[in-house]
Amino acid sequence: MKHLKFLFFISVLFTSHFIKAQGDPSIEKEIIELHKPTKAINDSLSKLKKEYNLKIEAEKDSVKLSQLMLRLDTIWNASDQNEISELKLDFEFARQHPNSIEALQLIRRSVNRFIGMNFYDTFVEVFQNFTPEVKNSEQGKDMTEKLKFFNQSKVGSTAPKFSLKDINGKTVSLQDFRGKYVLIDFWASWCGPCREELPYVKELYKKYHQQGFEIINIAKDDKPDLWKKAIEKEKIEHWNHVFTSDSGSGVIKDYYVFGIPHKVLIDKNGMIIGKWKGSGEINKHDLQQLMKSIFEAE
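For the sequence shown, our numbering begins at 3 and goes up steadily by one.
This is how it looks when you write it as structure tokens:
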């Protein structure tokens, strides 16, 4: 229903040359002023989220509950759009402050979040505008690495290969699915939004499996016993299941996964054609429409 928010730890290690800039009161004040309009909107939306969550918890009528959940989803979508507006402000601020570590940190905090997912080219353009000193700082090097994994996992890129053991000890290799459409669904047994989405994913599988559609579920930060029980309870044993805590940490990094649910759709030729971070009706609708355009047009 609601989008998962991704929280990230930002390092503060950098050369002494930039310590003064980092603590520059004028820069800090500029950023506070820059974010005042979007912060006001975010505060209002956060209040609405809390109100609707309380209403949802108390509502017993299924029809009214569905209406409340749709309304909450709309509020979350408005929140996402507000954060995207703030990100655009951050991009412009960074362009105007190419020698500022703080300006780099403004954009670096969003590079692996839902709101930054469709702005790879802008991240690259803005980052390249920074001075060599900023780009060669610890934060700059970290940004370079982030952009590398962002690039290889975005729509239009060749899907990173992996070969991992599944729940039955059988090797699951992405290469073996060439010629089919594959939905990689990063999830966990403890992830409520992940499991809330399973009914519609089941429908997609039921509708398109015979036409060459497969699902690979990759569990992230889960416990083996709870993971297996969830698979059984949700009746999804016939899908491919991989447990990343054993040997699959590389696939999490390769696909640039920082939060779940996180879905990636790969075409017959191994190209990424769709990517969705978080949950919600918009993501659900986009995936359904893309699947329809693929299988009902062929």
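For every residue, glycine included, the Cβ atom is placed at its ideal position computed from N, Cα and C. All values derive from a computational prediction rather than experimental measurement.
Straight-line gap, residue i to residue j (C-alpha atoms, nearest Å)
i	j	result
Glu-216	Glu-199	16 Å
Ala-1	Lys-167	Residue 1 is absent from the structure shown; the chain starts at 3 and stops at 300.
Pro-134	Asn-101	9 Å
Thr-160	Glu-236	31 Å
Leu-15	Gln-107	With a pLDDT of 30 at Leu-15, under the threshold of 50, the modelled position of that residue is not reliable, and no figure is offered here.
Lys-270	Ser-87	35 Å
Ile-29	Asp-92	13 Å
Gln-69	Tyr-54	11 Å
Glu-35	Lys-137	26 Å
Lys-66	Ala-80	21 Å
Gly-214	Asn-285	22 Å
Thr-146	Val-157	19 Å
Lys-277	Arg-197	18 Å
His-99	Gly-142	14 Å
Ile-274	Thr-246	20 Å
Glu-61	Leu-47	21 Å
Phe-121	Leu-149	11 Å
Ile-43	Arg-97	24 Å
Lys-52	Lys-31	30 Å
Pro-201	Lys-41	35 Å
Leu-176	Leu-74	36 Å
Glu-298	Val-174	28 Å
Glu-59	Gly-261	24 Å
For residue i, the nearest candidate out of the options (CA to CA)
i	options	result
Ile-186	Lys-294, Ile-254 and Phe-297	Ile-254
Gly-282	Pro-195, Asp-224 and His-243	Pro-195
Pro-162	Pro-39, Ile-268, Leu-47 and Ala-105	Ile-268
Val-184	His-211, Cys-193 and Thr-173	His-211
Lys-90	Asp-123, Ser-46 and Asp-63	Asp-123
Glu-104	Glu-140, Leu-176 and Glu-61	Glu-140
His-169	Val-244, Leu-176, Lys-225 and Lys-52	Contrary to the premise, residue 169 reads as Ile rather than His in this sequence. With distances taken between Cα atoms, Ile-169 lies closest to Val-244.
Phe-179	Gln-154, Lys-204, Lys-150 and Ile-218	Ile-218
Ile-296	Lys-209, Glu-239 and Lys-279	Lys-209
Val-203	Val-259, Val-174, Asn-131 and His-287	His-287
Asn-1	Arg-115, Met-119, Phe-95 and Arg-111	Nothing about residue 1 can be read from this structure; the chain reaches only from 3 to 300.
Gly-181	Pro-39, Gly-272 and Pro-226	Gly-272
Tyr-207	Gly-171, Lys-294, Val-174 and Pro-263	Lys-294
Asn-84	Glu-234, Ile-233 and Lys-38	Lys-38
Pro-263	Leu-72, Pro-27 and Cys-193	Cys-193
Beta-bridge partners of residue i, as assigned by DSSP
i	result
Gly-276	Leu-267
Ser-219	In the sequence as presented, Ser is not what sits at residue 219; that position holds Asn. DSSP lists Asp-187 and His-243 as partners of Asn-219.
Ser-165	Ser-175
Glu-160	At residue 160 the sequence reads Thr, which differs from the Glu that was named. Thr-160 is bridged to Met-273.
Continuous beta strand (DSSP E) stretch holding residue i: start and end
i	result
Trp-189	183–189
For residue j and residue i, believed in contact at Cβ under 8 Å, the rounded distance
i	j	result
Lys-265	Leu-289	7 Å
Trp-229	Ser-191	5 Å
Phe-164	Val-113	23 Å between Cβ atoms; not a contact.
Val-126	Ile-109	11 Å between Cβ atoms; not a contact.
Asp-82	Ile-117	6 Å
Ile-33	Leu-50	Not quite, the Cβ-Cβ distance comes to about 25 Å (not below 8 Å), so this is no contact.
Ser-155	Asp-223	Not quite, the Cβ-Cβ distance comes to about 18 Å (not below 8 Å), so this is no contact.
Continuous alpha helix (DSSP H) stretch holding residue i: start and end
i	result
Ile-43	27–60
Trp-229	226–236
Ala-80	64–98
Ala-105	103–110
Asn-153	140–155
Gln-291	283–297
Arg-197	194–198
Thr-124	122–130
Val-136	134–137
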